[in-house]
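Asker: Here it is, the structure in full.
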Amino acid sequence: MTLFEAIIFGIVQGLTEFLPISSTAHIVITQLIFGYTFPGLSFEIFLHLASVLAVTIYFWKDLWRVIQGFFKFLGGKREENKTQFFFGIYILVATIITGVLGMVLTDVASDAIKTPPFIALALTVTGVALIFIERFHRTGNKSEETMTFWDSVLVGLGQTLAVIPGISRSGATLVVSLLAGLNRETAVRYSFLLAIPVILGSTVLAIDDFSVTMVDYIGPMNLVVSFVVTFIFSMIGIVWLIDFLKKSKLIYFAIYCFIVAILVFTLLDPTMIMEVE
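Right, here's the structure in full:
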């Protein structure tokens with residue numbers, strides 16, 4: 453891998469991780485364009501760590517408030533900590549559901565879902581879901597104080613679909629959260645905070661993929677550069693998305709998904725299997 457390619461991979465991962473356009477699909481497409489086949493998910497997970505570092509730093513106050521409130525409520529069950537305690541529970545519930553079902557779906561998934569036509573279809577589904585939630589669903593008014601256990605179950609189930617390349621994790625959590633009746637601010641915050649345990653959990657599960665061979669294949673310097681670039685552009689993506697959603701609509705991401713789906717379907721060899729596991 454060249455230094456230029458390492459930078460490109462970092463930019464792609466950083467910008468697409470938190471946008472509702474499927475970072476996995478974009479990393480795989482970039483991989484195909486450059487002609488790389490990475491063993492396992494080692495490189496992708498490595499870049500995900502940079503993204504989770506970015507979201508942890510950006511939301512550290514929110515994260516610390518949830519953790520602090522969670523344990524304070526356990527210790528004294530004070531009413532002022534009740535909301536953060538249950539919000540922490542809802543994060544754990546959605547994460548556990550995603551982790552368990554994600555492993556099951558990954559094990560039974562066939563190579564058919566790793567081909568360009570299937571990824572194009574999955575991107576189209578993501579786009580349709582974004583249009584539906586924006587155009588045909590009335591935004592709810594549930595906040596952290598009023599969301600329920602079943603809301604977290606639904607979001608966990610929706611997030612599980614992101615094991616399919618082309619289905620966006622952030623898009624799935626946003627869409628299902630809004631379907632469950634959460635207001636947009638709570639849905640966005642919930643989606644970002646959910647990324648932390650989900651990505652860290654996937655890293656632990658993929659730890660066996662990390663090896664000296666992977667480091668030699670990509671290059672130590674290229675790994676460092678791609679990590680730093682991913683972190684920087686993840687920060688940019690987070691700030692930009694939060695600001696964008698205050699002013700604009702999810703439909704623009706849907707249009708983007710449709711365009712990428714058309715390009716993937718028409719320009720990539722339909723018989724090619726995308727290495728995403």
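The C-terminal position of the sequence shown is numbered 729 in my numbering, with every residue numbered one higher than the one before it. Idealized CB from N, CA, C, for every residue including glycine.
(1) Is the beta carbon of residue 617 less than 7 Å from the beta carbon of residue 480?
(2) As a quick exercise: from 543, 537, 457, pick the residue whose alpha carbon is nearest that of residue 651.
(3) So does the region 530 to 548 actually touch the region 577 to 589, counting three or more Cβ pairs closer than 8 Å?
(4) So, using beta-carbon positions, are residue 644 and residue 511 closer together than 7 Å?
(5) Buried or exposed: where does residue 687 fall if 16 or more other Cβ atoms within 10 Å of its Cβ makes it buried?
(6) Under the rule that 16 or more other beta-carbon atoms within 10 Å means buried, what is residue 728, buried or exposed?
(7) What is the rounded straight-line gap between the Cα of residue 629 and the Cα of residue 603?
(8) Considering only the alpha carbon of each residue, which of 459, 470, 513 lies closest to residue 694?
(9) In whole angstroms, give me the CA-to-CA distance for residue 715 and residue 709.
(10) Taking the alpha-carbon of residue 623 as reference, which of 509, 697, 515 has the nearest alpha-carbon?
(11) Taking the beta carbon of residue 672 as the centre, do at least 16 other beta carbons fall within 10 Å, making it buried, or is it exposed?
(12) Give the single residue among 656, 529, 702 whose Cα lies nearest to the Cα of residue 620.
(13) Hey, residue 525 and residue 537: beta-carbon distance below 7 Å or not?
(14) Residue 529 by DSSP, collapsed to three states: which one?
(15) Would you mind giving the Cβ-Cβ distance between residue 578 and residue 474, rounded to the nearest angstrom? I have them listed as a contact below 8 Å.
(16) Between residue 615 and residue 557, is the Cβ-Cβ spacing less than 7 Å?
Answerer: According to the structure data:
(1) Going by beta carbons, residue 617 and residue 480 fall inside the 7 Å limit.
(2) The residue with the shortest Cα to Cα distance from residue 651 is 543.
(3) In short, these stretches do not touch, since the Cβ pair count stays below three.
(4) In terms of Cβ geometry, residue 644 and residue 511 form a close pair [threshold 7 Å].
(5) Result: buried.
(6) Caution is warranted here: a pLDDT of 40 is assigned to residue 728, below 50, making its placement in the model unreliable, and no coordinate value can be reported.
(7) If I take the Cα positions, the gap works out to 7 Å.
(8) The option with the nearest alpha carbon to residue 694 is 470.
(9) Between the C-alpha atoms of residue 715 and residue 709 there is a straight-line separation of about 10 Å.
(10) The shortest Cα separation from residue 623 among 509, 697, 515 belongs to 697.
(11) With fewer than 16 other Cβ atoms within 10 Å, it is exposed.
(12) Nearest of 656, 529, 702 to residue 620, Cα basis: 702.
(13) Going by C-beta atoms, residue 525 is nearer than 7 Å to residue 537.
(14) Note: residue 529 maps to coil in three-state DSSP.
(15) That belief holds up - the Cβ atoms of residue 578 and residue 474 are roughly 6 Å apart, short of 8 Å.
(16) Yes; because the gap between Cβ atoms is below 7 Å, this pair is in contact.
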